[in-house]
Amino acid sequence: MSLAPAPQMPGLPAPAARRRGIGRARLDPASLVWIGAAAILAFLVLAPVLRLTAASFQSADTGGFTVANYLAAYASERRLVALGTSLLYAVAVTAVAIGFAVPIAWAIARTDMPLKGVIRATILGAFITPPYLGAIGWILLAGPNAGWINLAWMRLTGAQAGIVNVYTFGGLVFVTALYAFPYVFVFTTDALDRVSTEMEEAANILGARPLRTIFRITLPLVLPAILGGAIVVFLDTVALFGTPAIIALPARINIATLQLWQFFEFPVRAEEAAAYAVPLIAVTVAMFALQRLILGRKGYVALTGKGGGRQLVQLGALRWAALAFCLLICAFSVFLPFAALAQAAFSKAWGLGFSLGNLTLDNFRYLFAEASNRQTILNTFSYAAGTACLSVGLALIVAYVVSRRLVRGGAILTALCMVPLVIPGIVLAIGFYAVYAPPPLALYGTAAILILGYSTRFLPIAYVNCLAGLRALNPEMEEAVRILGGSQLRAVGSVVVPLLKKGLVGSWLLVFIPATRELSTAIFLVTAKTRVVSTMILDLSENGNFELLAALGFFLLGVTVLIVLAGYRLLGRDFMLRRS
9 MSLAPAPQMP
19 GLPAPAARRR
29 GIGRARLDPA
39 SLVWIGAAAI
49 LAFLVLAPVL
59 RLTAASFQSA
69 DTGGFTVANY
79 LAAYASERRL
89 VALGTSLLYA
99 VAVTAVAIGF
109 AVPIAWAIAR
119 TDMPLKGVIR
129 ATILGAFITP
139 PYLGAIGWIL
149 LAGPNAGWIN
159 LAWMRLTGAQ
169 AGIVNVYTFG
179 GLVFVTALYA
189 FPYVFVFTTD
199 ALDRVSTEME
209 EAANILGARP
219 LRTIFRITLP
229 LVLPAILGGA
239 IVVFLDTVAL
249 FGTPAIIALP
259 ARINIATLQL
269 WQFFEFPVRA
279 EEAAAYAVPL
289 IAVTVAMFAL
299 QRLILGRKGY
309 VALTGKGGGR
319 QLVQLGALRW
329 AALAFCLLIC
339 AFSVFLPFAA
349 LAQAAFSKAW
359 GLGFSLGNLT
369 LDNFRYLFAE
379 ASNRQTILNT
389 FSYAAGTACL
399 SVGLALIVAY
409 VVSRRLVRGG
419 AILTALCMVP
429 LVIPGIVLAI
439 GFYAVYAPPP
449 LALYGTAAIL
459 ILGYSTRFLP
469 IAYVNCLAGL
479 RALNPEMEEA
489 VRILGGSQLR
499 AVGSVVVPLL
509 KKGLVGSWLL
519 VFIPATRELS
529 TAIFLVTAKT
539 RVVSTMILDL
549 SENGNFELLA
559 ALGFFLLGVT
569 VLIVLAGYRL
579 LGRDFMLRRS
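Structure follows, in structure tokens:
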């Protein structure tokens, strides 16, 4: 009995044809899109990094190889001290942030403390507040002569001097930690939400006291998450520019980011700045390696799909003490500085205090009446929108290529997308200046240099979210489009994008919001024609015009809150904290 070949179903290719189809797929026009996206990605990320490295070994006079830039950058004891001060500053901020975040996270995730929703919403408010704007609020509160707290103290006690001074190293650490602790909070609450309380309950049954249970069981279980958040805070602080520029500069506290800024005063010494920036890259890479090592070796395992049961700790009367601590930190980070900013924004002169005769709307009128101010606001939001579109578009293409394994070297593409996360923003900005400012591109003074710089800076945020969405998407529907004769690009446009619509909107918002307030990149790339709100706030701070500054800051915060509320409705609770 002979075996006849199996009949072919109509519309399905034979094996040979299927093989020929694979060959044609390799020549699909979509391949040009993948290759083009990879080339753009390599240029955006590698060009600034390689140019920065090359500039650090390049003579400003002859263009030849030299190590003189490193000798010049570190010849001054002041610059070496600035590096050491930056590391001490980052360590101190990290320790204070952990002290703020971990108790709040435990109280929210593990206890019956009331008003948890209010605390979460306030922490989100601290998270979306630009740190430099919070620093301005604390200058109004704790300035040595006219700060609210000091004035109240002197009036109540008759003292000749105030009780607090924000213009100190301790003040700088405290204010920075107030807007850094949400990172540790997010990591810790996420871990506590995932870990079962069964072992803690078992310890209590066996007679362990609550404090012993916390320190011997709860904290060890979530320690990797706490360390992960702490490393993020450390790295963010090392690269921070806005808060030190507003507080540390008047206080004569020299740190590395301020020293980098001074390299760009006339005459510009970009090569020395590049050499001075290299240790910041080395510190950042080392900390990320440490994070991977810690998170790779420690962790917890949930034996059930939902991580087991949840039994809240009954604090009794102590729940009000826990609430008081949480509200105190919320007051320091949001309520008090926002109140000080509001008073200044609606005052003729903020130093005169609150009175009906001192109230005015002139600050807001002037903000929108001046053509230059309106242009600054328009620049800010148009650059942020352009950045969000470019970042999400590029991230979606690269994430699709990586998740669907369309080309070899997907790990390399992922590494390129994540490199900007490893390099401090202020260091990347120096690389952007070195690549985009001189010929042949000569983009300095244009919107393009800011959009390209911002897009590179925030590409990791867009990429991580797009990749997560694509990995949760079954590729069978895309294959159905291909079987029915559609191209790969049509499959992406008609299937992938509609299914990922909410995720893409979330990614867009997560890039747009930080782009509207970015300072460390903008400070090196803006000109008078391309000024943005963040640099305008810094200029107003230097001039002591806190009334107009507060009005501008309130406007920026108002727009941010509206965007977050829109994201809340579209994407659910805590979309900003969870997805970031």
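Going from the sequence shown to the numbering used here is simple: count from 1 and add 8.
From the three backbone atoms N, C-alpha and C, an ideal C-beta is built for every residue, glycine too.
In the displayed model, S549 falls within a helix according to three-state DSSP. Contact between the region 263-270 and the region 241-253 is established, with three or more Cβ pairs separated by less than 8 Å. Taking a cut-off of 8 Å for Cβ pairs, the region 123-138 and the region 168-178 do not touch, as fewer than three such pairs fall below it. The beta carbon of P190 sits closer than 8 Å to those of A109, I131, L132, A134, F135 and L585, all from its chain and outside the five residues before and after it, given in chain order. If you draw a straight line from the Cα of F532 to the Cα of Y441, it comes to about 7 Å. Sixteen is the threshold: since fewer than 16 other Cβ atoms of the shown chains lie within 10 Å of the Cβ of A536, the residue is exposed. Contact between V192 and I116 does not hold, since their C-beta atoms are separated by about 13 Å, which reaches or exceeds 8 Å.
Of all alpha-carbon atoms in I112, G575 and D120, the one lying nearest the alpha-carbon of G324 is that of D120. By the Cβ-count criterion, D198 is buried, with 16 or more other Cβ atoms from all chains shown falling within 10 Å of its own Cβ. Per the DSSP secondary-structure output, V321 pairs in a beta bridge with T119.
In terms of Cβ geometry, W42 and P345 do not form a close pair [threshold 9 Å].
When the beta-carbon positions are compared, T568 and T524 come within less than 9 Å of each other. In this structure, DSSP gives L54 a helical state, which the three-state scheme calls helix. Cβ-Cβ distances below 7 Å link G561 to L141, I144, L349 and I545 in the same chain, with the five nearest sequence neighbours on each side left out; the list follows chain order. The beta carbons of I157 and A167 sit no closer together than 9 Å. Around the beta-carbon of Y408, 16 or more other beta-carbon atoms lie within 10 Å, marking it buried. As for any alpha helix (DSSP H) of minimum length 4 sitting wholly inside the region 126-189, the runs are 139-150, 156-165 and 177-186, ordered along the chain. In the DSSP assignment, P522 falls within the alpha helix (DSSP H) that extends over K509 to R525. Using a C-beta cut-off of 8 Å, the region 420-434 makes no contact with the region 375-389, since fewer than three inter-stretch Cβ pairs fall below that distance. Between L60 and I438, the gap from beta carbon to beta carbon is short of 9 Å. Between the alpha carbons of P483 and V406 lies a distance of about 16 Å. Membership of E555 in the alpha helix (DSSP H) is indicated by the continuous run F554 to L579. Around the beta carbon of T165, fewer than 16 other beta carbons lie within 10 angstroms, which makes this residue exposed. Proximity to V53 across F274, A558 and S399 peaks at S399, based on C-alpha coordinates. Under DSSP, L367 shares a beta bridge with S355. Taking a contact as a CB-CB distance under 8 Å, the pair T464 and L436 counts as one, their CB atoms being some 7 Å apart. The Cβ atoms of S528 and A470 do not sit closer than 9 Å to each other. Assignment of F372 by DSSP, reduced to helix, strand and coil, places it in the helix class.
Here L458 really is in contact with V534; their C-beta atoms are around 7 Å apart, less than 8 Å. A residue is called buried once 16 or more other Cβ atoms fall within 10 Å of its Cβ, and V75, having fewer, is exposed. Where Q496 is concerned, the enclosing alpha helix (DSSP H) starts and stops at Q496 to A499. In the three-state reduction of the DSSP assignment, F195 falls in the helix class.
Annotated as distal: E273 and A63, with beta-carbon spacing of 9 Å or more. For T265, the enclosing alpha helix (DSSP H) covers residues A264 to Q270. Pairing A285 with M295, the inter-Cα distance amounts to about 16 Å. Non-local C-beta neighbours of L298 in its own chain, meaning closer than 8 Å and more than five positions away in sequence, comprise I239, ordered along the chain.
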